[in-house]
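Engineer: The numbering used here puts the first residue of the sequence shown at 190, with every later residue one more than the last. Just passing along the structure, written as structure tokens.
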Amino acid sequence: MKKNIISRVILASAFALALVSCSQEFKYEPAKADDFSKSTYVGADVNAKRSYEVSGDDILVPFLRNTTEGTLEVTLALEDTSGIFKLATPTITFADGDSLANAKVSYDYADLVMDVVYRFNVEVTNEDLISSFVPATFPVSCIKAWENIGIAQCWDQIWVWGVYEKTLLKSPDGSEKYRIVEPWSAAEIEADLGEWEGALEFVEQMPYFEFAIDDEGNISYARMTDLGFKYNGKTTHLWHPSVLKDAASAAKNVMVDKKVAQLCWYPIINYNPEAGSYSWFGQTTLAYISFPGGPDLAELLGL
Numbered sequence: 190m191k192k193n194i195i196s197r198v199i200l201a202s203a204f205a206l207a208l209v210s211c212s213q214e215f216k217y218e219p220a221k222a223d224d225f226s227k228s229t230y231v232g233a234d235v236n237a238k239r240s241y242e243v244s245g246d247d248i249l250v251p252f253l254r255n256t257t258e259g260t261l262e263v264t265l266a267l268e269d270t271s272g273i274f275k276l277a278t279p280t281i282t283f284a285d286g287d288s289l290a291n292a293k294v295s296y297d298y299a300d301l302v303m304d305v306v307y308r309f310n311v312e313v314t315n316e317d318l319i320s321s322f323v324p325a326t327f328p329v330s331c332i333k334a335w336e337n338i339g340i341a342q343c344w345d346q347i348w349v350w351g352v353y354e355k356t357l358l359k360s361p362d363g364s365e366k367y368r369i370v371e372p373w374s375a376a377e378i379e380a381d382l383g384e385w386e387g388a389l390e391f392v393e394q395m396p397y398f399e400f401a402i403d404d405e406g407n408i409s410y411a412r413m414t415d416l417g418f419k420y421n422g423k424t425t426h427l428w429h430p431s432v433l434k435d436a437a438s439a440a441k442n443v444m445v446d447k448k449v450a451q452l453c454w455y456p457i458i459n460y461n462p463e464a465g466s467y468s469w470f471g472q473t474t475l476a477y478i479s480f481p482g483g484p485d486l487a488e489l490l491g492l
């Protein structure tokens, strides 16, 4: 019995010594991390926009640093398989007091192909400024946007009173397709509209109205368009005359001058697509668009 007790004491002592030995030989030390409080690091702005529709202007690619003290010059590199995109300068400079600096990426708008998604990377190359916790590379994707060809004049016979200036875009595929940006805005809809005052309620901004011109000067556009505002609480649409099989009115959608488009449509109220029901004024109305460099609509229409 005594031998068993002695054996157990010896075994326990040996095990305790082994634990002490192990604890002395294998000390736990946490992995070293970058010390942001003492060093300067530069990386991509992870919250910034990374997808663009480009129309010729430089693309700004933002980078951030973890300090604002002093000026700092950073060297960049651009990786692009298309060969179209280039850094305007190979470096960016953080001004004293700033934590943000933008790299400028240039390109030739004419070299871009419609509907092709282009991708390239801009990255920091200074090894001493790169942190394992902040991405050094900023990936960008972009497509060719519609071309801004200037300011057009617009006049609508029924909904808004007066001539308004709107941005006119042209399709990047080179065809005669155009977009009037925000054709009916909240400010215009909610302005003093005489007999319409209080009747129109702005709901949602229509981003653009798109139309196309063929070789004979005929104009086409969507058969049904939601205008984004209400008339006496009811939805408003415009319909191409072809919806009501009105060929004579449809033929009035033409270029009446080299730089003036005439549009003829039906104003539709309270259209219910499920039931196919709607209300209307029983006649078409006209609208005009004078392209940039075209005649003044107020003078042309005697307004």
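Each residue gets a CB set at the ideal place from its N, CA and C atoms; glycine is no exception.
Am I right that residue 371 and residue 394 are in contact with their C-beta atoms under 8 angstroms? What's the rounded C-beta distance?
Structural biologist: Walking along the sequence shown from the start, residue 371 turns up at place 182. Walking along the sequence shown from the start, residue 394 turns up at place 205. Contact flag correct, Cβ pair sits at about 6 angstroms.
Engineer: Give the DSSP bridge partners of residue 442, in chain order.
Structural biologist: The residue given as residue 442 occupies position 253 in the sequence shown. Residue pairing from DSSP leaves residue 442 without any beta-bridge partner.
Engineer: Going by Cα to Cα distance, which pick from 436, 243, 423, 422 is closest to residue 303?
Structural biologist: The count along the sequence shown starts at 1 and reaches residue 303 at position 114. Ranked by Cα distance from residue 303, the options 436, 243, 423, 422 are led by 243.
Engineer: Using a Cβ distance threshold of 8 angstroms, determine whether the region 347-358 contacts the region 250-265, with at least three qualifying pairs required.
Structural biologist: no
Engineer: Let me make sure I understand the geometry here. Which of 388, 375, 369 has the alpha-carbon closest to that of residue 479?
Structural biologist: As a position in the sequence shown, residue 479 is number 290, starting the count at 1. It is 369.
Engineer: Considering Cα atoms alone, identify which of 437, 422, 268, 475 is closest to residue 468.
Structural biologist: Indexing the sequence shown from 1 puts residue 468 at position 279. Ranking the options by Cα distance to residue 468, first place goes to 422.
Engineer: I need the boundaries of the alpha helix (DSSP H) containing residue 377, first residue and last residue.
Structural biologist: The sequence position of residue 377 within the sequence shown is 188, counting from 1. 375-378 is the extent of the alpha helix (DSSP H) around residue 377.
Engineer: Could you tell me whether any non-hydrogen atom of the ligand COA is closer than 7 angstroms to the CB of residue 329?
Structural biologist: As presented, the structure is devoid of all ligands, the ligand COA included, so that no description of it is given.
Engineer: Quick check on this structure: which residue in 486, 431, 460, 474 has the alpha carbon closest to the alpha carbon of residue 446?
Structural biologist: Stepping through the sequence shown from its first residue, residue 446 is reached at position 257. It is 486 whose Cα lies nearest to the Cα of residue 446.
Engineer: With distances taken from CA atoms, which of 299, 313, 321 is nearest residue 282?
Structural biologist: Taking the sequence shown and counting its residues from 1, the one referred to as residue 282 is at position 93. The shortest C-alpha separation from residue 282 is found at 313.
Engineer: Just list the residues that DSSP pairs residue 329 with in beta bridges.
Structural biologist: The sequence position of residue 329 within the sequence shown is 140, counting from 1. Bridge partners of residue 329: 309.
Engineer: Report yes if the C-beta distance between residue 330 and residue 306 is below 8 angstroms; otherwise report no.
Structural biologist: Taking the first residue of the sequence shown as position 1, residue 330 is located at position 141. Taking the first residue of the sequence shown as position 1, residue 306 is located at position 117. The answer is yes: Cβ separation under 8 angstroms.
Engineer: How long is the line joining the alpha carbons of residue 424 and residue 441, rounded to whole angstroms?
Structural biologist: Locating residue 424 in the sequence shown gives position 235, where the first residue counts as 1. Locating residue 441 in the sequence shown gives position 252, where the first residue counts as 1. Their Cα atoms are separated by approximately 25 angstroms.
Engineer: Given residue 430, which residues of its chain have a CB within under 6 angstroms of its CB, disregarding the five upstream and five downstream residues?
Structural biologist: Here residue 430 corresponds to residue number 241 of the sequence shown, with the count starting at 1. Excluding sequence neighbours, residue 430 sits near 438, 439.
Engineer: Quick one: which unbroken beta strand (DSSP E) runs of 3-plus residues sit fully inside the region 333-370? Chain order, please.
Structural biologist: 336-345, 353-359, 366-370
Engineer: In or out: residue 457 buried (at least 16 other Cβ within 10 Å) or exposed?
Structural biologist: Along the sequence shown, read from residue 1 onward, the residue named residue 457 stands at position 268. Buried, since its Cβ has 16 or more Cβ neighbours within 10 Å.
Engineer: Helix, strand or coil for residue 235, going by three-state DSSP, please let me know.
Structural biologist: What you label residue 235 is simply residue 46 of the sequence shown in a count that begins at 1. Coil.
Engineer: What are the partner residues of residue 412, as DSSP defines its beta bridges?
Structural biologist: For the purposes of this step, residue 412 is identified with residue 223 of the sequence shown, where counting begins at 1. BP columns for residue 412 are empty, so no partner.
Engineer: Can you look up residue 284 in the DSSP assignment and give me helix, strand or coil?
Structural biologist: Locating residue 284 in the sequence shown gives position 95, where the first residue counts as 1. In the structure shown, residue 284 adopts coil according to DSSP, grouped into three states.
Engineer: Tell me whether the region 277-294 and the region 244-258 touch, counting them as touching only if at least three CB pairs, one residue from each stretch, are closer than 8 angstroms.
Structural biologist: yes
Engineer: Would you report the Cα separation of residue 290 and residue 233, rounded to the nearest angstrom?
Structural biologist: Within the sequence shown, residue 290 is the residue found at index 101, counting from 1. Within the sequence shown, residue 233 is the residue found at index 44, counting from 1. A straight-line Cα-Cα distance of about 10 angstroms links residue 290 and residue 233.
Engineer: Nearest CA to the CA of residue 288: which residue from 255, 318, 278?
Structural biologist: Numbered from its first residue, the sequence shown carries residue 288 at position 99. Checking every option, the nearest Cα to that of residue 288 belongs to 255.
Engineer: Quick one: using the 10 Å Cβ neighbour count with 16 as the cut-off for buried, is residue 481 buried or exposed?
Structural biologist: If you number the sequence shown from 1, residue 481 lands on position 292. Per the 10 Å Cβ criterion, exposed.
Engineer: If you compare alpha carbons, which of 334, 488, 398 is closest to residue 301?
Structural biologist: Stepping through the sequence shown from its first residue, residue 301 is reached at position 112. Nearest option by C-alpha distance: 334.
Engineer: So, at 7 angstroms on beta carbons, what are the nonlocal neighbours of residue 407 in its own chain, with the 5 sequence-adjacent residues on each side left out?
Structural biologist: Position 218 of the sequence shown, counted from the first residue, corresponds to residue 407. Excluding positions up to five away in sequence, the list reads 442, 443.
Engineer: Given a threshold of 16 other Cβ atoms within 10 Å of its Cβ, counted over all protein chains shown, does residue 450 qualify as buried or as exposed?
Structural biologist: Walking along the sequence shown from the start, residue 450 turns up at place 261. Answer is buried; the Cβ neighbour count reaches 16.
Engineer: Going by C-alpha distance, which of 240, 426, 475, 377 is nearest residue 461?
Structural biologist: The residue labelled residue 461 in the question sits at position 272 within the sequence shown. For the residues 240, 426, 475, 377, the minimum Cα distance to residue 461 belongs to 426.
Engineer: Output the distance between the C-alpha atoms of residue 325 and residue 317, rounded to the nearest integer angstrom.
Structural biologist: Your numbering for residue 325 matches position 136 in the sequence shown. Your numbering for residue 317 matches position 128 in the sequence shown. Distance between the alpha carbons of residue 325 and residue 317 is about 12 angstroms.
Engineer: Starting from the C-beta of residue 212, find all residues in its chain whose C-beta is less than 8 angstroms away, skip the five residues before and the five after it, and write them out in chain order.
Structural biologist: Translated into positions along the sequence shown, residue 212 becomes position 23. Note on residue 212: pLDDT 35, under 50, position unreliable in the model; no value is reported.
Engineer: By DSSP's criteria, residue 458 is part of a beta bridge. Which residues make up the other side?
Structural biologist: For the purposes of this step, residue 458 is taken as residue 269 along the sequence shown, with counting starting at 1. DSSP, once it has assigned bridges, lists 425, 468 as partnering residue 458.
Engineer: Sort out for me which residues DSSP pairs residue 229 with in a bridge.
Structural biologist: Looking up residue 229 in the sequence shown gives position 40. Beta-bridge partners of residue 229 (DSSP): none assigned.
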